[in-house]
Amino acid sequence: MKIVVTSILVDDQAKALAFYHHVLGFQPKEDIAMGRYRWLTLTSPNDPNGVELLLEPDAHPAAKTYKAALKADGIPATSFAVRDIQAEYTRLHAGGVLFTQPPTPMGPVTVAVFDDTCGNLIQIAQRH
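Residue numbers (the UniProt record's numbering): 1 to 128.
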């Protein structure tokens, strides 16, 4: 088995697409109308045939409660690997991204956490 799609619950797919594409730099892969919502995925520009990130609507009744609980406890919904965390932090911070935790060494990794504007905290991590 291998992971081909992973999802993140978002409160607005269009807003999430703008953030994950234009701010974070992921590349759109699939955009298929599915009634009120879309099957909307992105991939890493360095691996366009790799794992797809699905911007999943948080329409399920439990989704908003789940997201709010994670965020209230400071728990990231997911984590993305970066090569140079300080450079990514500087780039994203300069672009207006709100960080809840600056780059912080934690054993074999350095992590930073930011708000994705769609109801989630996201972690970026660099392995040493």
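Backbone N, C-alpha and C fix where the C-beta goes; we use that ideal spot for every residue, glycine too.
- Counting every other CB atom within 10 Å of its CB across the protein chains shown gives residue 51 a total below 16, marking it as exposed.
- Rounded to the nearest whole angstrom, the C-alpha separation of residue 38 and residue 16 is 12 Å.
- Between the region 90-102 and the region 42-49, the count of Cβ pairs shorter than 8 Å is below three; the stretches do not touch.
- The C-beta separation of residue 5 from residue 54 comes to about 5 Å, placing the pair in contact by the 8 Å criterion.
- When C-alpha distances from residue 74 are compared across 115, 24 and 125, the shortest belongs to 115.
- Bounds of any alpha helix (DSSP H) do not take in residue 33; it lies within the beta strand (DSSP E) bounded by 27-34.
- Annotation for residue 43: the continuous beta strand (DSSP E) segment containing it runs 37-43.
- Taking C-beta atoms under 8 Å as the contact rule, residue 82 and residue 126 qualify, at a distance of about 5 Å.
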